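Asks: Residue numbers (the UniProt record's numbering), protein chains in the order written: chain B, 1 to 487; chain P, 1 to 487.
Here a beta-carbon is modelled for each residue, glycine too, at the ideal position from N, C-alpha and C.
For clarity, every value in this text was computed on a predicted model and none was experimentally measured.
Here you go, one structure.
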């Protein structure tokens with residue numbers, strides 16, 4: 001830790017072992033989970049989504065995310081929708097849906113649904129459901145890996161219904177606490193001054209029977225310690241995926257894709273060829289996440305060597321592929337984060353106007369990275385890489401509706417240690433920039449370019465020598481550098 | 001129009017009669033529609049959602065929007081999900097769902113579903129389905145308005161399946177165009193140079209039989225003109241809701257809620273009292289849209305006179321209410337836009353960190369307003385009003401995860417004609433500011449404040465005299481003013 005640990009963060013952050021996610025903004029736990037299991041065939045991520053988060057748009061569309069998981073090459077996400085019925089103060093949408101509505105909705109999303117709601121025997125109910133879910137996951141994976149994939153496999157989802165604030169204080173001053181919004185965060189706010197609340201607090205805390213859980217010296221009793229796994233890989237906080245799983249990307253020689261000085265070349269066409277080679281060199285550790293603009297952005301040379309990983313399309317299903325194209329910038333961003341923070345490398349190309357859609361997610365990611373860099377036991381991970389085209393400076397047939405250069409500003413507002421904006425002047429410089437960014441660690445990289453042919457000002461050798469150092473924004477951002485000097 | 005009409009916009013915009021929406025970013029047609037029908041009991045909005053847009057998060061959660069429509073006081077949205085199977089280049093999620101999956105999903109969302117896919121007789125199929133849908137809407141509304149509301153009413157949704165590029169060119173150079181992504185936007189890109197494409201283009205355009213539709217003088221034939229309604233209210237482009245339906249808000253005297261100079265007062269508590277009075281004065285033309293932070297933001301005095309309009313909560317259902325609390329900033333923003341652009345006034349209070357989630361939607365809204373102001377036949381509409389609390393300068397129990405002041409910057413990046421940021425220094429100034437903003441027209445207004453008690457520096461009279469003029473950001477933004485000098 002860079003500074004003294006003067007306080008614990010209010011929400012989950014990089015200082016919490018096992019975390020790959022900054023708390024605060026809700027809505028992308030599910031898409032981050034899908035990104036984490038991609039190309040991790042033995043990993044099962046259990047993703048708990050509250051019924052508050054479930055109301056967000058990013059979550060509502062992320063339930064479709066399983067349709068982009070190839071059971072041959074990737075692991076599985078086991079979503080647990082936890083319905084307690086209330087948000088900060090209003091009832092939730094899911095809390096007001098009955099079992100039939102819930103089952104229909106998630107069946108429509110493509111899942112098989114199991115509802116856990118037996119409050120009298122919740123531990124057994126949940127344990128049995130988890131076993132069922134893991135068996136179903138295995139069944140889908142084994143079939144696919146044996147070359148007999150199930151068409152449109154129905155992955156399991158668990159829906160857990162418990163009252164909000166369950167086992168906490170029941171009532172106070174005549175108002176329900178358990179089973180109501182009053183149990184959100186601080187159920188007894190006046191325990192310091194109100195003797196009735198203090199007594200309720202005492203009664204509640206004693207119900208945990210701490211004296212049975214701890215020894216007189218203050219450590220956990222043997223029975224508790226005996227369930228802690230000895231295998232570090234089985235401890236959530238020590239999983240390599242979340243701490244030190246970085247797999248350096250092998251960048252091919254970008255000069256193979258370069259063009260002659262004085263010619264005309266589309267930056268994106270050149271980058272497409274480079275990405276094609278990158279995919280060949282990194283068949284299981286590099287992916288592209290795009291909101292359906294890969295061909296429009298002229299990066300389609302990648303399709304010479306790979307496909308789109310959309311399992312629900314029966315025609316192409318099961319062939320895998322390094323490209324996810326889904327018209328949800330939120331899902332693209334979430335999957336990219338999950339994929340990157342578990343040690344792999346990704347790229348998110350999009351139009352200028354649409355990267356701003358995930359501006360706050362990008363900022364939350366940068367907060368995570370800031371704290372991760374300052375947390376000693378965390379090793380570096382790859383960078384979050386964006387390519388931005390269709391800028392206001394060179395629009396295609398779109399006009400005012402498609403202009404919004406604000407994403408550049410959003411990134412320049414971050415600490416220079418964390419973020420870079422590149423405006424490469426030609427195709428050769430763009431190639432050099434992409435190769436650099438894919439190798440860089442712990443950054444948010446934004447590369448701004450054009451898809452139409454533009455003059456090539458520098459030879460490959462000149463680009464190699466001057467391009468990165470010559471980009472003014474890079475120089476500007478470098479002032480406070482030092483984290484990552486060797487790439 | 002301010003300048004000459006040198007070009008038609010590439011996507012729908014304010015210059016198109018009947019429009020209340022800027023094209024470009026996808027995902028909020030549905031929430032805007034729900035906002036438009038609120039407090040418009042006789043209005044039915046038919047909202048066509050493509051299967052590309054349907055993949056976005058904002059749309060995925062907006063299907064729940066009908067649960068916030070009280071059939072007594074509001075009209076209805078008839079969503080038509082148009083599935084043609086392809087986005088720009090990839091298959092769509094909905095295009096790869098069969099009828100059973102589609103029916104289950106939308107039944108789970110709470111709808112009754114009718115699928116229109118009879119290509120041989122599509123006009124009759126769609127017409128019959130529209131009639132069915134309108135009858136179902138009437139049935140739900142009549143029951144509720146007769147005091148016998150249907151519990152969890154199942155509003156209709158139509159799912160229309162047609163091939164992408166239907167009736168356009170079938171094939172070119174051995175590749176499918178109709179029924180494939182090749183028909184996106186420009187199906188025959190090389191018609192200018194390729195004789196085969198030119199011939200196909202000619203064949204296609206002739207298929208519309210223009211000679212049967214137009215007279216020799218170039219006007220439409222009588223049969224066409226006979227279907228144009230004579231009643232202007234029945235012409236989409238002349239509906240008052242979309243052009244000149246502004247209903248000025250009655251702002252109560254804010255000084256009634258003011259506090260003495262030298263005291264301590266929470267700005268939000270004072271504003272809550274003012275909003276309570278505003279709701280009393282404008283029982284059918286003012287609403288609050290909040291991502292579940294109204295009580296947390298200490299604006300809950302409004303609940304003395306109104307409730308939350310969540311129909312799916314059987315306990316409170318049918319009581320109506322001026323507050324929508326849904327944990328989706330995207331839905332809040334979309335509903336607010338639809339409500340505002342059809343002539344009413346709304347307010348969107350939220351935490352600093354979360355308004356940035358809808359930053360691009362706000363920018364698209366401002367583009368619409370810019371063009372609307374420049375379009376002569378459009379009359380002014382109310383402003384889009386935000387209150388931002390829990391700022392980095394005065395956080396509650398949340399920390400780093402909840403800090404992001406970028407929304408201020410996003411608004412200051414807009415033209416000063418369109419946008420205002422207010423930082424009122426105390427509760428009296430805040431009251432004066434809110435009263436001012438609710439009356440203002442054609443602006444995006446951001447009011448930044450605190451929910452904890454802070455010193456009151458100015459008496460109500462001093463606040464009245466100096467507050468708006470004294471706010472530095474306001475003065476800064478006023479430089480290029482002139483649109484709206486009288487409020």
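1) Rounded to whole angstroms, what is the Cα-Cα separation between residue 478 (chain B) and residue 417 (chain B)?
2) Among all the DSSP beta bridges, which residues are the ones paired with residue 50 (chain P)?
3) In the segment 291-309 of chain B, which residues sit with their C-beta less than 9 Å from some C-beta in chain D, listed in chain order?
4) How would you call residue 111 (chain P), buried or exposed, if buried means at least 16 neighbouring beta carbons within 10 angstroms?
5) List, in order along the chain, the chain B residues whose C-beta lies closer than 9 Å to that of residue 109 (chain P)?
6) From residue 429 (chain P) to residue 349 (chain P), what does the alpha carbon distance come to, in whole angstroms?
7) Just to check my reading of the structure: residue 64 (chain B) and residue 109 (chain B) have Cβ atoms closer than 8 Å, yes? What is that Cβ distance to the nearest angstrom?
8) Is residue 267 (chain P) close to chain B, meaning its C-beta is less than 7 Å from at least one C-beta of that chain?
9) Have a look at residue 129 (chain B) and residue 104 (chain B) and give me their C-alpha separation to the nearest angstrom.
10) Beta-carbon of residue 16 (chain P) versus every beta-carbon of chain B: anything under 7 Å?
11) Could you tell me the alpha carbon to alpha carbon distance between residue 92 (chain B) and residue 328 (chain P), rounded to whole angstroms?
12) When you compare the CB positions of residue 282 (chain B) and residue 379 (chain B), do they come within less than 7 Å of one another, or not?
13) Between residue 319 (chain B) and the rest of its own chain, which residues show a CB-CB distance below 8 Å, the 5 nearest in sequence each way excluded?
14) So, under 8 Å CB-CB, residue 444 (chain P) and residue 372 (chain P) are touching, yes? Tell me the CB distance rounded to an integer number of Å.
15) Mind pulling the chain P residues with CB within less than 7 Å of residue 569 (chain B)?
16) Pull up the distance between the alpha-carbon of residue 461 (chain P) and that of residue 261 (chain P), whole angstroms please.
17) Just how far apart, CA to CA, sit residue 166 (chain B) and residue 21 (chain B)?
18) Which one of P:374, P:381, P:411, P:400 has the shortest CA to CA distance from residue 388 (chain P)?
19) In chain order, what residues of the same chain lie with their CB nearer than 8 Å to the CB of residue 134 (chain P), ignoring the 5 residues before and after it?
20) Quick check: residue 188 (chain P) and residue 176 (chain P), are their CB atoms within less than 7 Å of each other?
21) Taking Cβ-Cβ distances below 8 Å as the criterion, which residues of the segment 333-354 of chain B are in contact with chain P?
22) Please state whether the Cβ-Cβ distance between residue 449 (chain B) and residue 332 (chain B) is less than 7 Å.
23) Which residues, in chain order, does the segment 384-412 of chain B contribute to contact with chain P at a C-beta distance below 8 Å?
24) Strictly below 8 Å CB to CB, what residues from chain P border residue 114 (chain B)?
25) Within 10 angstroms of its Cβ, does residue 204 (chain P) collect 16 or more other Cβ (buried), or is it exposed?
26) Suppose the cutoff is 8 Å on Cβ atoms and the five residues either side in sequence are ignored; what does the same chain contact list for residue 402 (chain P) look like?
27) Under 8 Å between beta-carbons, which chain P residues line up against residue 363 (chain B)? List them in chain order, please.
28) By the 7 Å beta-carbon criterion, what residues does the segment 163-187 of chain B contribute toward chain P?
29) Out of B:431, B:279, B:303, B:36, which has the shortest C-alpha to C-alpha gap to residue 254 (chain B)?
30) Between which two residues does the beta strand (DSSP E) holding residue 57 (chain B) run?
31) Are the C-beta of residue 11 (chain B) and some C-beta of chain P separated by less than 7 Å?
32) Between B:137, B:368, B:194, which has its C-alpha nearest residue 16 (chain B)'s C-alpha?
33) Buried or exposed, going by whether 16 or more other CB atoms sit within 10 Å of the CB of residue 474 (chain P)?
34) Evaluate residue 51 (chain B) with the Cβ neighbour count: other Cβ atoms within 10 Å of its Cβ, from every protein chain shown; 16 or more gives buried, anything less gives exposed.
35) Beta strand (DSSP E) containing residue 386 (chain P): first to last residue?
36) By the criterion of Cβ-Cβ separation under 7 Å, what are the contact partners of residue 60 (chain B) in chain P?
Replies: Concretely, from the data shown:
1) Bear in mind that a pLDDT of 38 at residue 478 (chain B), under 50, signals an unreliable position, so the number given afterwards is only what the model happens to contain. Near 8 Å, if we compare the C-alpha coordinates of residue 417 (chain B) and residue 478 (chain B).
2) P:82
3) This model lacks chain D altogether; the protein chains it does include are B and P.
4) buried
5) 101, 104, 105, 108
6) 17 Å
7) 6 Å
8) no
9) 19 Å
10) no
11) 11 Å
12) no
13) 307
14) The Cβ separation is near 13 Å, so there is no contact.
15) Lying outside 1 to 487, the shown extent of chain B, residue 569 (chain B) is not represented and no answer is given.
16) 10 Å
17) 26 Å
18) P:411
19) 44, 78
20) no
21) 353, 354
22) no
23) 397, 398, 399, 400, 401, 402, 404, 406, 409, 410
24) Simply none; closest approach about 16 Å.
25) buried
26) 351, 352, 353, 390, 395
27) 356, 404, 406
28) none
29) B:431
30) Counting along the chain, residue 57 (chain B) falls outside any beta strand (DSSP E), though it belongs to the alpha helix (DSSP H) covering 57-62.
31) yes
32) B:368
33) Residue placement at residue 474 (chain P) is flagged as unreliable, the pLDDT there being 42, under the threshold of 50; a coordinate-derived value is accordingly withheld.
34) buried
35) 384-389
36) 57, 60, 61
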